[in-house]
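In the working numbering, the protein residues as written are 34 to 353. Comments concern the structure below.
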């Protein structure tokens with residue numbers, strides 16, 4: 034659609050109709066061109082500052098990340114070093130010395146040598162012979178106790194203890210007490226304890242203590258060896274009771290013979306020319322009571338047996 038306008042000469046001139054879309058575009062363009070220079074500069078500066086600021090922030094973030102990584106690496110390295118040190122200390126603390134601390138429970142004054150000195154070397158060798166004995170985690174204390182007992186029959190109890198703190202194992206030893214010496218048919222002299230076990234050589238005892246022990250003499254050719262039981266526990270008790278009763282009568286047994294006969298024990302007494310036949314399966318008090326009564330009766334009659342008085346049969350006494 035066309036619109037008629039007059040020019041300066043009064044002539045009619047036709048002008049094209051401008052659409053609404055074109056007017057809107059033209060208006061927007063003119064507004065952009067007419068913005069103040071300062072405003073445009075400010076917009077550009079703000080945009081540039083934002084861009085530059087974003088760049089600095091990214092750089093700062095990357096630098097901070099690197100520092101954090103280095104710090105974390107140092108912390109991890111320190112933790113690893115501490116763990117290595119702790120584990121090393123624990124492993125070292127679990128190791129054991131081969132030389133133990135030995136303690137004697139009770140008395141060992143009856144031996145010629147000090148107990149600690151007598152046992153230290155062999156026990157140290159037992160511990161050092163097996164590498165598993167060098168660590169608390171692998172040491173078998175029960176096996177070691179058995180080995181020590183087998184090597185030293187004079188020991189009644191052995192207790193191996195591992196330290197919680199420290200590296201020195203502790204060994205506690207309880208000795209068997211000698212109650213008699215035993216002379217073998219080949220002339221060898223041994224020591225017997227209250228259980229009737231051969232626990233050592235008589236030469237291991239000091240002379241003063243040895244002289245106070247009853248002397249047993251083997252006539253039955255018993256197989257004697259260290260650690261071997263040669264008499265029943267009851268037989269040892271029977272012999273000790275006889276000695277006690279003799280001592281109560283101011284008598285002393287010079288020797289006690291173990292003949293071939295089963296359960297028979299022949300008691301020789303100082304100052305008396307005959308011996309007393311006893312039976313370890315019987316009652317020692319009844320037998321010795323019978324002996325004392327017959328002895329007194331014979332002495333009152335001026336009779337002295339030539340060989341022995343036999344009290345093995347209960348309530349009967351024979352003499353020869």
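We treat Cβ as the ideally placed atom computed from N, Cα and C, and that holds for glycine. Just so it is clear, the structure is predicted and the values come from calculations on it, not from any experiment.
Per DSSP, the continuous alpha helix (DSSP H) segment holding residue 184 begins and ends at 174-184. Contact between the segment 233-246 and the segment 278-294 is not established, with fewer than three Cβ pairs separated by less than 8 Å. The beta carbon of residue 157 lies closer than 6 Å to those of 131 and 132 in the same chain, with the five residues before and after it left out. Cβ neighbours of residue 226 within its own chain (closer than 7 Å, five residues either side excluded): 209, 210, 211, 212 and 232. DSSP places residue 274 inside the alpha helix (DSSP H), whose first and last residues are 266-281. Taking residue 257 as the centre and dropping the five residues before and after it, the same chain places the C-beta of 215, 217, 221, 223, 231, 251 and 263 closer than 8 Å to its C-beta, in chain order. For residue 157, the three-state secondary structure derived from DSSP is helix. Counted as a single uninterrupted DSSP element, the beta strand (DSSP E) harbouring residue 248 occupies residues 248-251. Proximity to residue 138 across 108, 165 and 193 peaks at 193, based on C-alpha coordinates.
Going by beta carbons, residue 200 and residue 295 fall outside the 7 Å limit.
The beta carbon of residue 352 sits closer than 6 Å to the beta carbons of 338 and 342 from its chain, once the five residues preceding and following it are set aside; these are given in chain order.
If only complete runs of 3 or more residues are kept, the segment 110-146 shows the beta strand (DSSP E) at 134-138, in order along the chain.
Residue 242 carries a helical assignment under DSSP once its states are collapsed to helix, strand and coil. The beta carbons of residue 300 and residue 291 sit about 11 Å from each other, so the pair does not count as a contact at 8 Å. Membership of residue 310 in the beta strand (DSSP E) is indicated by the continuous run 308-312. The residue from 320, 350 and 328 with its alpha-carbon nearest to that of residue 306 is 328. Under the three-state reduction of DSSP output, residue 340 falls in the coil class, being neither helix nor strand. By the Cβ criterion, the segment 273-280 is in contact with the segment 313-321, since at least three pairs of Cβ atoms, one from each stretch, lie closer than 8 Å. By the Cβ neighbour-count rule, residue 310 is buried, with 16 or more other Cβ atoms within 10 Å of its own.
DSSP places residue 165 in the helix class (H, G or I) of the three-state scheme. For residue 330, there is no enclosing beta strand (DSSP E); the enclosing alpha helix (DSSP H) covers residues 317-333. Out of 340, 154, 335 and 179, the CA that lies nearest to the CA of residue 134 is found in 154. Excluding residues up to 5 positions away in sequence, 193 lie with their Cβ nearer than 6 Å to the Cβ of residue 177 in the same chain. Residue range 211-216 is occupied by the beta strand (DSSP E) that includes residue 214. The three-state reading of DSSP puts residue 300 in strand, counting E and B together. Excluding five sequence positions before and after residue 184, the CB atoms of its chain that fall closer than 8 Å to its own CB belong to 155 and 159, given in chain order. Under DSSP, residue 207 takes part in a beta bridge, and its partners are 138 and 190. Spanning the alpha carbons of residue 265 and residue 187 requires a straight line of approximately 17 Å.
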